[in-house]
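*Asks:* Per the working numbering, residue 9 is the first one in the sequence shown, and the count goes up by one each step. Where a beta carbon is used, it is the ideal one built from N, C-alpha and C, also for glycine.
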Amino acid sequence: MTETTIHLKNNTVEPKISGIGIREITTDQSGAWLEAGWRDFKRAPAIGLAYGAFCVLAGYLVVLSIFQTGQQHLTLPLAAGFMLLAPVLAVGLYETSRRLEMGENVTLWHSLNGFRRNPGQIGAISIMLMLFFLAWTRIAMLLFALFYHGTVPSLDVLLWTTFFARDAIIFLITGSILGGVLAIMVFAVSVVSIPLLVDRDVDVITAVIISCTAFRKNWKVLTGWAAVIAILSACGMVVFLLGLAIIMPLLGFSSWHAYRGLIDTSQTETARLRRQVP
């Protein structure tokens, strides 16, 4: 087991689902998870930077496309929506941490093996998260239409109307509440399920049930962990997205260790997936 898991071994383990136990964590482990994630980053820097660079490039392409189509008002909603899809983008990072833990070969090509584990199940949960993302995008568009009477603010006044206009506070509070609810739902669904699908031979329904149960049992600690993820991601975005080159892989590696800390697989008969890449 990982060092993080050993640190948590004395915590209560809840009744098992498919032989997989759920630890009840009583103290914040964000620092330990980030530390373990940083160790993995240092052990496989090329892989981490490759995934980080992909996120930065994808972010620039999205920003360029929305400005070219005159939908610059969607910049902030899409930046927030990135957090809803990030767990799927991090599959290769989960696979990298998994291989480091098991002492297997680790290359960028090997990391892509994560997407080949349980491909149908990972595809199903990817569709689920995409539906959340589309719902958030639609909500954001409706909020702009409601608060700005169906007109889209021009680029030169977008910042003012979004943050400083008369109705800006209500607009931001409403958007934050609705976005926060969706974000927590996605976090509860994905915090354990996606790394579990990479690691173990389980179906998506079982993985989601385990993930939601783990969140319910540890909602205080995991809400703090979600806040850490949101804050670090925001810090990576405000420096023209360049910070995501480091923040995204760091959080991906750390999320693997969060999964290993939350789940007890010592007694399960569910096999670890060991498909090898040539």
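1) In the DSSP assignment, find the unbroken alpha helix (DSSP H) run with Gly29 in it and report its ends.
2) What separation, rounded to the nearest whole angstrom, lies between the Cα atoms of Leu69 and Val200?
3) Using beta-carbon positions only, say whether Gly122 and Gly100 come within less than 7 Å of one another.
4) For Leu240, which residues in the same chain have their Cβ closer than 6 Å to its Cβ, ignoring the five residues on either side in sequence?
5) Kindly list the residues whose CB is nearer than 8 Å to the CB of Ser26, restricted to its own chain and excluding five residues on each side of it in sequence; keep chain order.
6) So within the stretch 199–246, which uninterrupted alpha helix (DSSP H) runs reach at least 4 residues, ignoring any that extend past its ends?
7) Of all the options Cys220, Trp41, Leu186, Thr83, which has the alpha carbon lying nearest to the alpha carbon of Trp264?
8) Taking the beta carbon of Ala153 as the centre, do at least 16 other beta carbons fall within 10 Å, making it buried, or is it exposed?
9) What are the start and end residues of each continuous alpha helix (DSSP H) run of 4 or more residues lying completely inside the stretch 54–130, in chain order?
10) Out of Phe248, Gly269, Arg146, Thr273, point me to the one whose CA is closest to Leu65's CA.
11) Kindly indicate which three-state DSSP category Arg8 falls into: helix, strand or coil?
12) For the 8 Å Cβ check, are there 3 or more pairs between the stretch 144–151 and the stretch 84–101?
13) Rounding to the nearest angstrom, what Cα-Cα distance links Cys63 and Ala253 in this structure?
14) Could you tell me the distance, in whole angstroms, from the CA atom of Thr221 to the CA atom of Ile28?
15) Between which two residues does the alpha helix (DSSP H) containing His265 stretch?
16) Of the choices Val194, Leu84, Arg125, whose alpha-carbon is the least far from that of Tyr102?
17) Quick check: Ile202 and Ser119, are their CB atoms within less than 7 Å of each other?
18) Sorted by chain position, which residues of the same chain lie with C-beta nearer than 8 Å to Phe140's C-beta, five sequence neighbours on each side aside?
19) Could you check whether Gly67 and Ser262 sit closer than 7 Å to each other, using their CB atoms as the reference points?
20) May I ask which residues mark the beginning and end of the alpha helix (DSSP H) holding Arg47?
21) Measuring only the C-alpha atoms, how far is Ala94 from Leu82?
*Replies:* Taking the definition as stated:
1) Segment 28–32 is the beta strand (DSSP E) holding Gly29; no alpha helix (DSSP H) there.
2) 30 Å
3) yes
4) Ile255
5) Val210, Thr214, Ile218, Thr276, Thr278
6) 201–207, 212–225, 227–246
7) Trp41
8) exposed
9) 83–97, 99–110, 116–119
10) Phe248
11) In this structure the chain extends from 9 to 286, so residue 8 is not present and cannot be described.
12) yes
13) 7 Å
14) 12 Å
15) 252–270
16) Arg125
17) no
18) Leu92, Leu190, Met193, Val194
19) no
20) 38–51
21) 18 Å
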